[in-house]
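Colleague: Sharing a structure, written as structure tokens. Questions coming.
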């Protein structure tokens, strides 16, 4: 249907059309497709025409995934309230207390743990965890010990009590061994702060 729609637009207006289509397929996973009308002049389709256009498509897919995974929350809702977690002396997140908390609070605590670990790795407290990328390739970005074996990465708002129980049990085991509960090994390209930026923020030359 979407393909028919863009072909009709092309025929009636002469426009070249590129659209992104995304939907949730269950279990917090997002399926995406990029549809494009044929150029009609012998050119390659735009989405495959250059490395820049391919990078643009990948970036747009990641942005769309993050957008679709983020649930709207009313400003005055308790779900909007920030949660606080502690950091150890090296700046790593410590295991927060989650027993007896409502599901949304537990989800927010888990999100905060990942966010603190990401901020430490990027050296940028404003850098946001790229959940779309993390869901697609968790082991590209996370230390393998950060999540239980076989654990399904989702946006934290999609985790169930059972999911969070597995995660907390795993983190408790790591903490008992004096290990970091979550650590990143890679980040989104624009996430990290360069050493030059760090020096500038500290007043260095």
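Numbering (this note's numbering), first residue to last: 364 to 568. The beta-carbon is built from N, C-alpha and C at its ideal position, and this holds for glycine as well.
For residue 463, count neighbouring Cβ atoms within 10 angstroms of its own Cβ and tell me buried if that reaches 16, exposed if not.
Modeller: That one is exposed.
Colleague: What did DSSP end up calling residue 382 once you bin it into helix, strand or coil?
Modeller: Residue 382: strand per DSSP, three-state reduction.
Colleague: Smallest Cα separation from residue 365: which of 413, 468, 400, 506?
Modeller: Checking every option, the nearest Cα to that of residue 365 belongs to 400.
Colleague: With distances taken Cα to Cα, identify the nearest neighbour of residue 540 among 549, 508, 512.
Modeller: When only C-alpha atoms are compared, the closest one is 508.
Colleague: Taking three-plus beta-carbon pairs below 8 Å as touching, is the stretch 463–477 in contact with the stretch 520–535?
Modeller: The answer is yes - the stretch 520–535 touches the stretch 463–477, with three or more Cβ pairs under 8 Å.
Colleague: Taking 8 Å as the cut-off, decide whether the C-beta atoms of residue 548 and residue 537 are in contact.
Modeller: Not in contact: residue 548 and residue 537 (Cβ atoms no closer than 8 Å).
Colleague: Determine, using beta carbons only, whether residue 408 and residue 448 come nearer to each other than 8 Å.
Modeller: Not closer than 8 Å, so no.
Colleague: Give the single residue among 394, 418, 494 whose Cα lies nearest to the Cα of residue 385.
Modeller: Ranking 394, 418, 494 by Cα distance to residue 385 puts 394 first.
Colleague: Mapping DSSP to helix, strand and coil, what is residue 480?
Modeller: Residue state, collapsed to three classes: helix.
Colleague: Taking Cβ to Cβ, would you say residue 423 is nearer than 8 Å to residue 383?
Modeller: Closer than 8 Å, so yes.
Colleague: Taking the alpha helix (DSSP H) that residue 512 falls in, what are its first and last residues?
Modeller: Counting along the chain, residue 512 falls outside any alpha helix (DSSP H), and DSSP gives it neither H nor E.
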